[in-house]
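Take any residue in the sequence shown, count from 1 to its spot, add 33: that is its number in this note's numbering.
Note that the Cβ used here is the ideal one computed from N, Cα and C, for glycine as well.
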Amino acid sequence: MGYLQAGFIILGIIATCSEYTGGQIRTTLTTIPWSGFQLSTKHLALAIITIPVAFIIAASGVLYTFIMMRDTAVEIEIDTMIKTLVGATGYLTLTTLLSAAIGGLLRRTIPALVVLDSHDCGMVLTRTLSHYQK
34 MGYLQAGFII
44 LGIIATCSEY
54 TGGQIRTTLT
64 TIPWSGFQLS
74 TKHLALAIIT
84 IPVAFIIAAS
94 GVLYTFIMMR
104 DTAVEIEIDT
114 MIKTLVGATG
124 YLTLTTLLSA
134 AIGGLLRRTI
144 PALVVLDSHD
154 CGMVLTRTLS
164 HYQK
């Protein structure tokens, strides 16, 4: 899920930081002087876009697994599949919103990517090292 998660992180950062890099934030804050309201509507619009996309991507992965394992003795329950889809969709949506929030705090694309990517790489490195220490 690493590359998939990275794509949603980049989506959140680009959605928030693109206004700051081009200077469009001045026009936006001129028309909507309440920055809190503007930021919350931006995150709401991002969630409205992210939820169906995350669901479709997660569903394609779960459906592929279900199709490949249908001939095996293992039976996959529908409840488990639904819980997996809802969990993956929620996880990817919250990852996108978290990266958008960090992008809004830093207001620059590259530092936000470095902060979020270094956290992701640190987790991967920790998992890898703990795997080899066994």
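Buried or exposed: which applies to residue i, given that a residue is buried once 16 or more other Cβ atoms fall within 10 Å of its Cβ?
i, result
"A48", "buried"
"G136", "buried"
"L79", "buried"
"I42", "buried"
"Y36", "exposed"
"L138", "exposed"
At which residues does the alpha helix (DSSP H) containing residue i begin and terminate?
i, result
"R141", "First-last for R141: undefined, no H or E at that position."
"R59", "Q57 to T64"
"M101", "S68 to M101"
Going by beta-carbon coordinates alone, are residue i and residue j separated by less than 8 Å?
i, j, result
"A87", "T126", "yes"
"I30", "Q71", "Since the first residue shown for the chain is 34 and the last is 167, residue 30 is missing from the structure and cannot be characterised."
"T98", "Q38", "no"
"I109", "M102", "yes"
Cα separation between residue i and residue j?
i, j, result
"L131", "G45", "8 Å"
"T60", "A134", "20 Å"
"I143", "T105", "46 Å"
Closer than 8 Å, CB to CB, is residue i near chain B or not?
i, result
"D104", "Protein chains in the displayed structure number just one, and chain B is not present."
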